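Visitor:
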Amino acid sequence: MIWIAVMAYEVLARKWRPQQFSDVVGQDHVTQTLVNAIEQERVAHAYMFVGSRGTGKTTTARILAKALNCEQGPTATPCDTCDACLEVMAGNSLDVIEIDGASNNNVEQIRDLRDNARYMPARGQYKIYIIDEVHMLSTAAFNALLKTLEEPPSHVKFIFATTDVHKVLPTILSRCQRFDLRRISVQDIVERLRSGCAEEGIEITEDALLAIARGAEGGLRDAESALDQIIAFRGKKITEEDVLSVFGLVSRQALEQLSGAILGGDVPAIMGLIRKLDDAGKDLQRIVIELLEHFRNLLVVSYGNEAAEALELPEAQREGLFAQAGDTDPGRILRVIDGLIETDGRMRFALSKRTLLETGLIRCARAAETVTLNELMAEVAALKKKGYSLAASAPLVVAEAGAEEQEEVMPTRTPAGVEQDAEVGLSKLCADWNALTDEVVKVDSLARRYLHDTVPLRLDERVLTVGYDPEFAAEKERFEEHRLKVALGRAVERVLRRMVSFEFEPLDEGARQSLPSDHQVAEEPSEVSKAALNQVEYEHPVVKEVVEIFNGSITDIRT
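Going by the numbering used here, the first residue of the sequence shown is number 1, and it counts up by one from there.
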């Protein structure tokens, strides 16, 4: 009988696994510390490696175990040729015991570990326990390990790895040296894949490398596994289209078109692009996530070159972002991001994801077109500085049905009329000021002390000037708090039936002394003001309706 040995295929993630500290990608802050500890003979008895998947936790633990038990060591550069190194690399070393915390998490198994730790290593200098996913151990198992971990035998080292350090008992963490492994940058992943492809004779475009690195989300093992899958699909010539088709990713061009349609409020274009992406089999949830990343990058570059340096993007892609950001402003981008976050949350539990995606992006497009109140007030202030007159627009009166179609424009109010309205409004505010400030105190109880002695001084079309007790001049910033202004603005709006902004100024001594000691109020309005005030109340639609319902008449108006 003839036996034919067939070599099993080794995936790229295992084939390219680093064997030296210098080969570990993107974790220099960890590897350099471990190298120094070995060279200075300051190796701790327990280490905790923390990080997300594919960042090198288990790989670093194996290299450290190999460095400690190498026949040439302990050394920061294990030889990879001695029996001890080869056994660790093959995973069959008697002195380096790897334990899966997820499947060996009960207290009996940890007690066996604790009992076996007393015995000397078979070949190397140390008996090393590598416990992966250590956060999966039960509380009883952690407690069984505490004493051994605190005072282990001199020949024992513990190396823990976890993706969820918050589940590890603090008493365990306090006995370990903790290292946080970072998510690997896009550029580092691209460099590693490029060098690996060169070794394997694989032709791959730069855009394809970027697409794989972007989809890996900081995990090098994820990127290597993805590359392995694409090679099986396409062979040794790989383009960006191959990557996008295999993993359902969205091309940069499609993202730019879709984001441009959102910012431009082009609803037909949004619907057409979503239809094309859905027909191409793209993951609709992934579209939202990639749009969020795109608008995040757009927001960063909108603040200039210095902020854009933080983006790990090629120069061509960065220039495209700058061109798109030049046509909008950060406020609009932020409103779109808020809409995308809401859409992403709703789509996770939706049955019809396409409908939610369409309505969500249309909502984002409408949000991008809106103007905030602050932006509007800034534009009004700019126009005032240029000397433009901002007379209030009058309502249009449309002819009744059957009459000739015509529009009658009410005459613009004269300056005298504006002044009279302001005087009437100020009189109403003075009369109701006690109640208004009490409403604000309900929202902000701390405002009672310094809002108690305030009084409306002047009112024009846009601004209400409020005087306050000079005693609180040192606390003027309290009057500028956003919460107080919002509460006071809502109360004043109910009286004036329009919004105003506020200015606060201290009362002079004469004005202060003329006010009553309890809740200062302004002097009684003049007869002309009272007549104008009564006329306003007569014309109020609610008052008219009440009079009509009860078939009565108004004899007196009291404020």
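Quick reminder that beta carbons are idealized off the backbone N, C-alpha and C, glycines included.
Everything numeric in this text was worked out from a predicted model, so none of it was measured.
#1: Return the residue from the list R348, L149, V300 and F479 that minimises the CA-CA distance to T328.
#2: Which class does R348 belong to by DSSP, given the choice of helix, strand or coil?
#3: Decide yes or no for the touch test of the region 334-350 against the region 286-295: beta carbon pairs closer than 8 Å, at least 3 of them.
#4: Identify which residue in D115, T31, P506 and I230 has its Cα closest to the Cα of I202.
#5: Quick one, are the C-beta atoms of R194 and G218 less than 9 Å apart?
#6: What residue range is occupied by the uninterrupted alpha helix (DSSP H) comprising P456?
#7: Where does E133 sit, in a helix, a strand or coil, going by DSSP?
#8: For L173, which option in A61, M377, E206 and V134 has the closest C-alpha, if you only look at C-alpha atoms?
#9: What residue does the alpha helix (DSSP H) around E217 start on, and which one ends it?
#10: How is A467 classed by DSSP in three states: helix, strand or coil?
#11: Using DSSP's beta-bridge definition, name the partner residues of R194.
#12: A226 and I212: beta carbons closer than 9 Å?
#13: Are the CB atoms of T139 and L181 nearer to each other than 9 Å?
#14: Look up K282 in the DSSP assignment and say whether it is helix, strand or coil.
#15: Can you check whether the CB of L436 is closer than 9 Å to the CB of L507?
#16: How would you write the range of the beta strand (DSSP E) that M48 sits in, first residue to last?
#17: Alpha helix (DSSP H) containing A167: first to last residue?
#18: Three-state secondary structure (DSSP) at P506?
#19: If you pair each beta-carbon of the region 50-62 with each one of the region 152-169, do three or more pairs fall below 8 Å?
#20: Beta-carbon within less than 8 Å of G425's beta-carbon, same chain only, minus the 5 sequence neighbours each way: which residues are those?
#21: Tell me, to the nearest whole angstrom, how far the beta carbon of R53 is from that of R221; I am working on the premise that it is less than 8 Å.
#22: With respect to the alpha helix (DSSP H) encompassing A261, which residues constitute its N-terminal and C-terminal limits?
#23: What's the C-alpha gap between E439 and K282?
#24: Can you tell me where the alpha helix (DSSP H) with A307 in it begins and where it stops?
#25: Distance, Cα to Cα, E206 vs D242?
Guide: In brief:
#1: The count along the sequence shown starts at 1 and reaches residue 328 at position 328. The candidate whose alpha carbon is nearest that of T328 is V300.
#2: Counting from 1 along the sequence shown, the entry for residue 348 is found at position 348. Looking at R348 - three-state DSSP - the assignment turns out to be coil, as it is neither helix nor strand.
#3: The answer is yes - the region 286-295 touches the region 334-350, with three or more Cβ pairs under 8 Å.
#4: Stepping through the sequence shown from its first residue, residue 202 is reached at position 202. When D115, T31, P506 and I230 are compared, the shortest CA-CA separation from I202 is found for I230.
#5: Against the sequence shown, residue 194 aligns to sequence position 194. Against the sequence shown, residue 218 aligns to sequence position 218. No; because the gap between Cβ atoms is not below 9 Å, this pair is not in contact.
#6: In the sequence shown, residue 456 corresponds to position 456, counting from 1. DSSP places P456 outside any alpha helix (DSSP H); the residue lies instead in the beta strand (DSSP E), whose first and last residues are T454 to L459.
#7: Within the sequence shown, residue 133 is the residue found at index 133, counting from 1. Note: E133 maps to coil in three-state DSSP.
#8: Here the question's residue 173 lines up with position 173 in the sequence shown. Considering only alpha carbons, the answer is V134.
#9: Taking the sequence shown and counting its residues from 1, the one referred to as residue 217 is at position 217. It is not in any alpha helix (DSSP H) - E217 carries neither H nor E in the DSSP assignment.
#10: Against the sequence shown, residue 467 aligns to sequence position 467. Reading off the sequence shown, one finds Gly at residue 467, where the question assumed Ala. It is a strand residue.
#11: Residue 194 sits at position 194 when you count from the first residue of the sequence shown. According to DSSP, residue pairing for R194 in a beta bridge does not occur.
#12: For the purposes of this step, residue 226 is taken as the residue at position 226 of the sequence shown. For the purposes of this step, residue 212 is taken as the residue at position 212 of the sequence shown. Against a cut-off of 9 Å, the Cβ pair of I212 and A226 comes out as a contact.
#13: Working through the sequence shown from its first residue, we reach residue 139 at position 139. Working through the sequence shown from its first residue, we reach residue 181 at position 181. In this structure, L181 does not lie closer than 9 Å to T139 by Cβ.
#14: Within the sequence shown, numbered from 1, the residue matching residue 282 stands at position 282. The answer is coil: DSSP assigns K282 none of H, G, I, E or B.
#15: Within the sequence shown, residue 507 is the residue found at index 507, counting from 1. Within the sequence shown, residue 436 is the residue found at index 436, counting from 1. Result no, Cβ atoms of L507 and L436 do not sit closer than 9 Å.
#16: Counting from 1 along the sequence shown, the entry for residue 48 is found at position 48. Bounds of the beta strand (DSSP E) holding M48 are A46 to V50.
#17: The residue labelled residue 167 in the question sits at position 167 within the sequence shown. It should be noted that the sequence gives Lys, not Ala, for residue 167. First-last for K167: undefined, no H or E at that position.
#18: Taking the first residue of the sequence shown as 1, we reach residue 506 at position 506. Strand, per DSSP.
#19: The region 50-62, when compared against the region 152-169, does touch it at the 8 Å Cβ threshold.
#20: Locating residue 425 in the sequence shown gives position 425, where the first residue counts as 1. Shown here for G425: same chain residues with a beta carbon closer than 8 Å to its own, the five before and five after excluded, namely L459, V495 and L496 in chain order.
#21: Position 53 of the sequence shown, counted from the first residue, corresponds to residue 53. Position 221 of the sequence shown, counted from the first residue, corresponds to residue 221. Between R53 and R221 the beta-carbon gap is near 7 Å, inside 8 Å, which marks them as a contact.
#22: Here residue 261 is taken as the residue at index 261 of the sequence shown, counted from 1. Segment R252 to G264, the alpha helix (DSSP H) holding A261.
#23: Position 439 of the sequence shown, counted from the first residue, corresponds to residue 439. Position 282 of the sequence shown, counted from the first residue, corresponds to residue 282. Answer to the nearest angstrom: the Cα atoms are 53 Å apart.
#24: In the sequence shown, residue 307 corresponds to position 307, counting from 1. Boundaries of the alpha helix (DSSP H) around A307: N305 to A308.
#25: Counted from its first residue, the sequence shown places residue 206 at position 206. Counted from its first residue, the sequence shown places residue 242 at position 242. Their Cα atoms are separated by approximately 13 Å.
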